[in-house]
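Participant: Everything in the sequence shown is counted per our numbering, starting at 1172 for the first residue and increasing by one.
Before we start, here is the structure in question, set down as structure tokens.
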Amino acid sequence: MARIHLGHIFHLAGSPLVSEAVHALVSIPEGALVVEDDGKIAFCGDRAGVPLKYRATPVTDHRPGFLLPGFVDTHVHFPQTFAGDSYNGGQLLEWLNHCIYPAEARFADRNFARRAAVEFCDRRIASGTTAAMVFGSPFPDAQDTLFAETARRGLRIVSGRGIQTVGPQAAKPLMTSEDDAIRLAREEINKWHAADTGNVKTARLHVALVPRFAIAVTAQTLKRLGELYDSVRDRGVYFHTHLNENDRPDTGEVDQTKQIYQVDSYLDTYDGKFLPGSKIGGPSMLGRRSVMAHAVHCQDAELQRMSETGTSIAHCPVSQQFLGSGTMPWLRTVASGVNIAAGTDFGGGDEWPIPQVLATAFKVHISEPGDAGVSMHPAEMLFIGTLGGARALDMEDRFGNFAVGKEADFVVIDPNRTPALKAVITDGVRSDDPAMARDQTLFALLMRARETSIAGTYVQGRKL
Ligand code: GUN
Ligand code: ZN
């Protein structure tokens, strides 16, 4: 049955770039969102303007709540569900060795993985994360529980088993032979890609090829993954991995990648140019369904290449602070034209809600040195958490804002559920200039919203 939802609506209209988000920001204090029987948006506007034919349609009054498009987390680790705030000293590669590989190895136990899948979906729903690109477990049984639980709960997911064919001793339980890596990835695609509806255009379940990072595989694996990806691109399969995260000299991830592959740039390893001297060795895996996590330390040529191929960046500032990975240069990255979306990177990040990622993005970018320091506009924050995420998942035609005809993915944020949010919403100073007052309210909302503030998470109009 159709339903009218009332609340203060914020979303980004049209299909702006992040640099255009401020002009696309829509705020409707007395807003109404009409969702048709089929879960699609029939009307978004002032409640006084709801078409007469919806006169008798049932109403859910969320006021004084806010209605925002569902949050999109473009990088989060399922097998790290229980590994947030893991302590053992060191940055990325030490943390992987001491904390993460052992934590992920526990997913070989199907029952443990099932518990994690329930918790993972609980955290997503509690945080208002309707869609996510999920770095998966290498164990097929664990991935089965993840996809099954996600389907049962009604969430959207793109995920693939984390692929490792080489690595340190601690990663051995997560590694397979090259043949098995390719076979298991193909089997996962055949089993789960669009398994819910049988059609990628209507599915909520999608599969990605997910090598952990270049140094967790070999040139031969990259070649065979590229060939596999080429053979499934037209089925709408995704590609997801890590890029340019830790630049500690010599022993860090970026230098290790360049030393092992002898390439000019880290991105080359995913772009088919993984042979010494960045010579072509296989097909590229970049494209509009490819998402690179982090991209903190990119060369201009790498940003340019991602931009021209339609590849997106999953920007994960909470994780970058937790692991001491540095700060993605905001202005330089935006200037390249590459699409930027938000990611929690949980458990490298230690916060589940996307608003916490947006708040951290604001803080790190205003703190960049010299002329690079910038005060992000709240519309840009909203962009990377919603519409930019839908674009990264190549599903902007389905969700990401409240355009009529899109699927009704939205989140209800109720300030009354969180006293500290209520305080900044109801008693914060607002400008006499209506546009600035609007921006101030959205800013306070995104900075201060917590899990406790989320009153409802809806996918295709259905409350989860
Ligand atoms: N690089 C390779 N694996 C990982 C991981 O699990 N987390 C993060 N943050 N970076 C990685
Ligand atoms: Zn990650």
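A virtual CB, placed ideally from N, CA and C, is assigned to each residue, including glycine.
Pull the bridge partners of alanine 1464 from the DSSP assignment, please.
Facilitator: Within the sequence shown, residue 1464 is the residue found at index 293, counting from 1. DSSP output for alanine 1464 lists His1413, Ala1485 as bridge partner(s).
Participant: Distance check for threonine 1628 and leucine 1238, CA to CA, integer angstroms please.
Facilitator: Reading the sequence shown from its first residue, position 67 is the one you call residue 1238. Reading the sequence shown from its first residue, position 457 is the one you call residue 1628. Each residue's Cα considered, the two are about 10 Å apart.
Participant: Short of 7 Å in beta carbon distance, which residues of its chain neighbour threonine 1389, apart from the five on each side in sequence? Order them along the chain.
Facilitator: Here residue 1389 refers to the residue found at position 218 of the sequence shown. Taken in chain order, the residues that qualify are Thr1336, Val1337.
Participant: Who are the near neighbours of histidine 1233 in its chain, counting only those whose CB is closer than 8 Å to its CB and skipping five residues on each side?
Facilitator: In the sequence shown, residue 1233 corresponds to position 62, counting from 1. So the qualifying residues of the chain are His1176, Leu1177, Gly1178, Val1583, Asp1585, Ala1626, Gly1627.
Participant: Flag this pair as touching only if the stretch 1430-1445 and the stretch 1386-1406 have three or more C-beta atom pairs under 8 Å; answer yes or no.
Facilitator: Result yes; three or more Cβ-Cβ pairs closer than 8 Å.
Participant: From the DSSP output, which residues share a beta bridge with asparagine 1510?
Facilitator: The residue given as residue 1510 occupies position 339 in the sequence shown. Answer is Ser1483, bridged to asparagine 1510.
Participant: Please indicate yes or no: does the CB of aspartate 1418 lie closer than 8 Å to some heavy atom of ligand 2?
Facilitator: Looking up residue 1418 in the sequence shown gives position 247. For ligand 2, not one heavy atom lies less than 8 Å from the Cβ of aspartate 1418.
Participant: Among residues of its own chain, excluding the 5 on either side of glycine 1423, which ones have a beta-carbon nearer than 8 Å to its beta-carbon?
Facilitator: Translated into positions along the sequence shown, residue 1423 becomes position 252. Once the five neighbours on either side are set aside, the close Cβ partners of glycine 1423 are Gln1262, Leu1263, Leu1264, Asn1417.
Participant: Under 8 Å from any heavy atom of ligand 1, does the C-beta of isoleucine 1271 make it?
Facilitator: For the purposes of this step, residue 1271 is taken as residue 100 along the sequence shown, with counting starting at 1. True, at least one ligand heavy atom lies under 8 Å from that Cβ.
Participant: Helix or strand or just coil, what does DSSP make of phenylalanine 1237?
Facilitator: Numbered from its first residue, the sequence shown carries residue 1237 at position 66. The answer is strand: DSSP assigns phenylalanine 1237 an E or B state.
Participant: Between valine 1434 and the rest of its own chain, which residues show a CB-CB distance below 7 Å, the 5 nearest in sequence each way excluded?
Facilitator: The residue given as residue 1434 occupies position 263 in the sequence shown. Only Thr1440, Lys1444, Phe1445, Ser1449 meet the Cβ criterion.
Participant: List the residues that DSSP assigns as beta-bridge partners of tyrosine 1437.
Facilitator: Indexing the sequence shown from 1 puts residue 1437 at position 266. Bridge partners of tyrosine 1437: none, in fact.
Participant: Looking at the unbroken beta strand (DSSP E) that takes in aspartate 1217, where does it start and where does it end?
Facilitator: If you number the sequence shown from 1, residue 1217 lands on position 46. Element bounds for aspartate 1217: 1212-1217.
Participant: Hey, isoleucine 1596 and alanine 1608: beta-carbon distance below 9 Å or not?
Facilitator: On the sequence shown, residue 1596 is found 425 positions in, with the first residue counted as 1. On the sequence shown, residue 1608 is found 437 positions in, with the first residue counted as 1. Cβ atoms of isoleucine 1596 and alanine 1608: not closer than 9 Å.
Participant: Whole-angstrom Cβ separation of threonine 1504 and isoleucine 1484, contact assumed at under 8 Å?
Facilitator: Locating residue 1504 in the sequence shown gives position 333, where the first residue counts as 1. Locating residue 1484 in the sequence shown gives position 313, where the first residue counts as 1. So it is a contact: roughly 7 Å between Cβ atoms.
Participant: Roughly how far, in whole angstroms, is the beta-carbon of threonine 1301 from the beta-carbon of aspartate 1580, given that I think they are within contact range, below 8 Å?
Facilitator: For the purposes of this step, residue 1301 is taken as residue 130 along the sequence shown, with counting starting at 1. For the purposes of this step, residue 1580 is taken as residue 409 along the sequence shown, with counting starting at 1. Right, their Cβ atoms sit about 4 Å apart.
Participant: Is the beta carbon of alanine 1173 sitting closer than 9 Å to the one on valine 1197?
Facilitator: Locating residue 1173 in the sequence shown gives position 2, where the first residue counts as 1. Locating residue 1197 in the sequence shown gives position 26, where the first residue counts as 1. In this structure, valine 1197 does not lie closer than 9 Å to alanine 1173 by Cβ.
Participant: Between phenylalanine 1310 and ligand 1, is the CB less than 8 Å from at least one heavy atom?
Facilitator: What you label residue 1310 is simply residue 139 of the sequence shown in a count that begins at 1. False, no ligand heavy atom lies under 8 Å from that Cβ.
Participant: Alpha carbons only, please: which of Pro1500, Pro1273, Ala1313 is nearest the one belonging to aspartate 1280?
Facilitator: One-based indexing of the sequence shown puts residue 1280 at position 109. It is Ala1313 whose Cα lies nearest to the Cα of aspartate 1280.
Participant: Going by DSSP in three states, histidine 1548 sits in which element: helix, strand or coil?
Facilitator: Numbered from 1 along the sequence shown, position 377 holds the residue referred to as residue 1548. Of the three classes helix, strand and coil, the one that applies to histidine 1548 here is coil, per DSSP.
Participant: In whole angstroms, what is the alpha-carbon distance linking asparagine 1361 and arginine 1375?
Facilitator: What you label residue 1361 is simply residue 190 of the sequence shown in a count that begins at 1. What you label residue 1375 is simply residue 204 of the sequence shown in a count that begins at 1. Between asparagine 1361 and arginine 1375, the C-alpha separation is close to 15 Å.
Participant: Out of curiosity, what's the CA-to-CA distance linking valine 1509 and leucine 1223?
Facilitator: As a working mapping, residue 1509 is identified with position 338 in the sequence shown. As a working mapping, residue 1223 is identified with position 52 in the sequence shown. Their Cα atoms are separated by approximately 42 Å.
Participant: Please list, in chain order, all residues of the same chain as arginine 1459 whose beta carbon is under 6 Å from its beta carbon, the five residues on each side excluded.
Facilitator: Here the question's residue 1459 lines up with position 288 in the sequence shown. The residues are Gly1481, Asp1565.
Participant: With a CB to CB cut of under 6 Å and the five nearest residues on each side skipped, what residues in its chain are close to alanine 1366?
Facilitator: The sequence position of residue 1366 within the sequence shown is 195, counting from 1. Closer than 6 Å at the Cβ level, and outside the excluded window around alanine 1366, lie Leu1376.
Participant: Which residue from Glu1578, Thr1623, Arg1601 puts its Cα closest to that of leucine 1592?
Facilitator: For the purposes of this step, residue 1592 is taken as residue 421 along the sequence shown, with counting starting at 1. Among Glu1578, Thr1623, Arg1601, the Cα nearest to that of leucine 1592 belongs to Thr1623.
Participant: Within the same chain, show all residues whose beta-carbon is closer than 6 Å to that of glycine 1599, passing over the 5 residues directly before and after it, in chain order.
Facilitator: As a first step, residue 1599 must be located in the sequence shown, where it is residue number 428. Closer than 6 Å at the Cβ level, and outside the excluded window around glycine 1599, lie Ala1615.
Participant: According to DSSP, is lysine 1577 part of a helix, a strand, or is it coil?
Facilitator: In the sequence shown, residue 1577 corresponds to position 406, counting from 1. Looking at lysine 1577 - three-state DSSP - the assignment turns out to be coil, as it is neither helix nor strand.
Participant: Determine contact between the stretch 1285-1295 and the stretch 1308-1322, defined as no fewer than three beta-carbon pairs at a distance below 8 Å.
Facilitator: They touch, by the three-pair rule.
Participant: State buried or exposed for serine 1399, treating a residue as buried only when at least 16 other CB atoms are found within 10 Å of its CB.
Facilitator: One-based indexing of the sequence shown puts residue 1399 at position 228. The question names serine, yet the displayed sequence has leucine at residue 1399. Under this definition leucine 1399 is a buried residue.
Participant: Measure the Cβ-Cβ separation of phenylalanine 1181 and leucine 1553 and say whether it is below 9 Å.
Facilitator: Numbered from 1 along the sequence shown, position 10 holds the residue referred to as residue 1181. Numbered from 1 along the sequence shown, position 382 holds the residue referred to as residue 1553. Yes.
Participant: Should arginine 1277 be counted as a contact of ligand 1 given a C-beta to heavy atom distance under 8 Å?
Facilitator: Here residue 1277 is taken as the residue at index 106 of the sequence shown, counted from 1. Answer for arginine 1277: no, Cβ out of range of ligand 1.
Participant: If we call anything under 9 Å between Cβ atoms a contact, is phenylalanine 1253 one with glycine 1520?
Facilitator: Position 82 of the sequence shown, counting from 1, holds the residue named residue 1253. Position 349 of the sequence shown, counting from 1, holds the residue named residue 1520. Cβ distance not < 9 Å, so phenylalanine 1253 and glycine 1520 don't count as in contact.
Participant: With distances taken from CA atoms, which of Ala1322, Leu1355, Asn1268 is nearest glutamine 1340?
Facilitator: To locate residue 1340, count along the sequence shown from 1; it is residue 169. Nearest C-alpha to glutamine 1340: Asn1268.
Participant: Please classify alanine 1513 as buried or exposed, where buried requires at least 16 neighbouring CB atoms within 10 angstroms.
Facilitator: In the sequence shown, residue 1513 corresponds to position 342, counting from 1. Answer is buried; the Cβ neighbour count reaches 16.
Participant: Can you name, in chain order, every residue of its own chain whose Cβ lies under 7 Å from the Cβ of arginine 1218, other than the five neighbours on each side?
Facilitator: Looking up residue 1218 in the sequence shown gives position 47. If we look at arginine 1218 and ignore the five residues flanking it on each side, its Cβ neighbours are Leu1177, Glu1201, Gly1202, Ala1203.
Participant: Determine the burial state of glycine 1185: buried for a count of at least 16 other Cβ atoms within 10 Å of its Cβ, exposed for fewer.
Facilitator: For the purposes of this step, residue 1185 is identified with residue 14 of the sequence shown, where counting begins at 1. Result: exposed.
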